[in-house]
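*Asks:*
In the working numbering, the protein residues as written are 296 to 628.
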């Protein structure tokens with residue numbers, strides 16, 4: 296038998312709110328919020344592509360809201376860009392299934408919670424996100440962070456940020472490593488890669504293109520946990536891609552706390568136009584169960600329980616949809 300020592304490596308990344316993909320996510324959700332602020336029953340599915348001075352906005356909006364200026368919203372978030380918008384009403388074939396309370400699409404949504412961190416998220420996800428937020432406070436520009444753990448200790452850090460020199464960036468990382476959060480997980484020799492491809496001053500849409508929904512692992516639970524449905528941003532809560540994913544997280548948190556569990560997975564599956572889920576599985580510390588009937592898992596039930604017809608979505612598009620203190624992260628309603 297081999298006597299080789301085996302280590303467990305886990306890695307997660309985070310991107311700043313000025314990353315091109317995150318700019319698109321925020322524009323999509325800001326447009327959604329603008330409609331919900333006037334019409335809580337608005338049907339919105341907006342996608343954004345941006346880059347090199349232009350922003351393209353397309354999708355479907357059926358709403359009584361008036362005066363929603365998508366160009367102004369895009370420029371508030373992305374700066375001085377040319378905006379090209381083409382929005383149509385929701386397809387009547389889709390609407391007829393949603394109007395009767397059915398799901399807006401088929402899909403499988405994943406919920407997750409674990410006891411590794413106070414945020415009930417994987418440790419590598421929290422560390423990479425908090426490092427990103429720490430650096431962004433000093434350099435509020437386009438940027439990425441990545442943290443690799445070896446046996447739950449920080450083994451390596453990668454950070455690339457616009458308008459920060461490698462020396463400055465390394466100094467910020469070293470400051471963060473002295474915080475109580477990072478200091479609890481320090482290995483002896485941490486490898487730091489600060490702007491490993493060189494310093495850079497062009498970022499965001501000036502240097503790269505972005506697209507709504509392209510940072511799914513960042514938006515969810517990191518690469519260790521499966522991603523089920525599509526993206527969240529730009530979608531009103533009748534889309535179970537969003538609402539059922541939020542509910543799955545809430546159920547995972549509930550079970551984790553009620554059972555004093557270490558790890559909980561939730562799976563919810565839907566058919567378009569059908570209200571009840573086709574699957575409502577939960578795995579609590581490796582034990583498979585069916586979610587109890589105390590939860591109303593119809594789209595209408597989820598929307599009412601989590602009060603989702605509010606303009607609350609733009610903040611979710613910045614640093615992830617879970618672990619940032621949103622209602623579905625807590626057992627308190």
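Ideal placement from N, C-alpha and C gives every residue a C-beta, glycine not left out.
Considering only their Cβ atoms, is the gap separating residue 575 from residue 567 smaller than 8 Å?
*Replies:* Stepping through the chain shown from its first residue, residue 567 is reached at position 272. Stepping through the chain shown from its first residue, residue 575 is reached at position 280. Not in contact: residue 567 and residue 575 (Cβ atoms no closer than 8 Å).
*Asks:* So what does residue 332 bridge to, in DSSP terms?
*Replies:* Position 37 of the chain shown, counting from 1, holds the residue named residue 332. Per DSSP, none; premise fails for residue 332.
*Asks:* Just confirm the distance between the C-beta atoms of residue 485 and residue 451, as a whole number of angstroms; I'd bet it's less than 8 Å.
*Replies:* One-based indexing of the chain shown puts residue 485 at position 190. One-based indexing of the chain shown puts residue 451 at position 156. Indeed, because the Cβ distance is near 7 Å, the residues count as touching under 8 Å.
*Asks:* Considering residue 402, what are the terminal residues of the beta strand (DSSP E) in which it resides?
*Replies:* For the purposes of this step, residue 402 is taken as the residue at position 107 of the chain shown. Per DSSP, residue 402 belongs to the beta strand (DSSP E) from 402-409.
*Asks:* Using a Cβ-Cβ cut-off of 6 Å (strictly less than) and excluding sequence neighbours within five positions of residue 335, which residues of its own chain qualify?
*Replies:* Counting from 1 along the chain shown, the entry for residue 335 is found at position 40. Within the same chain, residue 335 has close Cβ partners 604.
*Asks:* Extract the residue ranges of the alpha helix (DSSP H) inside the region 412-466, only unbroken runs of 4 or more that lie entirely within it.
*Replies:* DSSP runs (the alpha helix (DSSP H)) wholly in the region 412-466: 418-433.
*Asks:* What first and last residue would you give for the beta strand (DSSP E) that runs through residue 521?
*Replies:* The residue you call residue 521 lines up with position 226 of the chain shown. Residue 521 -> no beta strand (DSSP E), and no H or E assigned at all.
*Asks:* Would you call the CB atoms of residue 511 and residue 543 closer than 8 Å?
*Replies:* If you number the chain shown from 1, residue 511 lands on position 216. If you number the chain shown from 1, residue 543 lands on position 248. Contact: no.
*Asks:* May I have a chain-ordered list of the beta strand (DSSP E) segments no shorter than 3 residues that lie completely inside the region 303-348?
*Replies:* Complete beta strand (DSSP E) runs here, min 3: 304-310, 338-346.
*Asks:* Look at the alpha carbon of residue 469 and the alpha carbon of residue 521, and state the distance between them as a whole number of angstroms.
*Replies:* Locating residue 469 in the chain shown gives position 174, where the first residue counts as 1. Locating residue 521 in the chain shown gives position 226, where the first residue counts as 1. So the two alpha carbons sit approximately 32 Å from each other.
*Asks:* With H, G and I counted as helix, E and B as strand and the rest as coil, what does DSSP make of residue 509?
*Replies:* Counting from one through the chain shown, the residue named residue 509 turns up at place 214. Of the three classes helix, strand and coil, the one that applies to residue 509 here is coil, per DSSP.
*Asks:* Tell me, please, which residues DSSP counts as bridged to residue 576.
*Replies:* Position 281 of the chain shown, counted from the first residue, corresponds to residue 576. According to DSSP, residue 576 bridges with 562, 585.
*Asks:* From this set, 416, 524, 425, which residue's C-alpha is nearest residue 478's C-alpha?
*Replies:* By 1-based counting over the chain shown, the position of residue 478 is 183. When only C-alpha atoms are compared, the closest one is 425.
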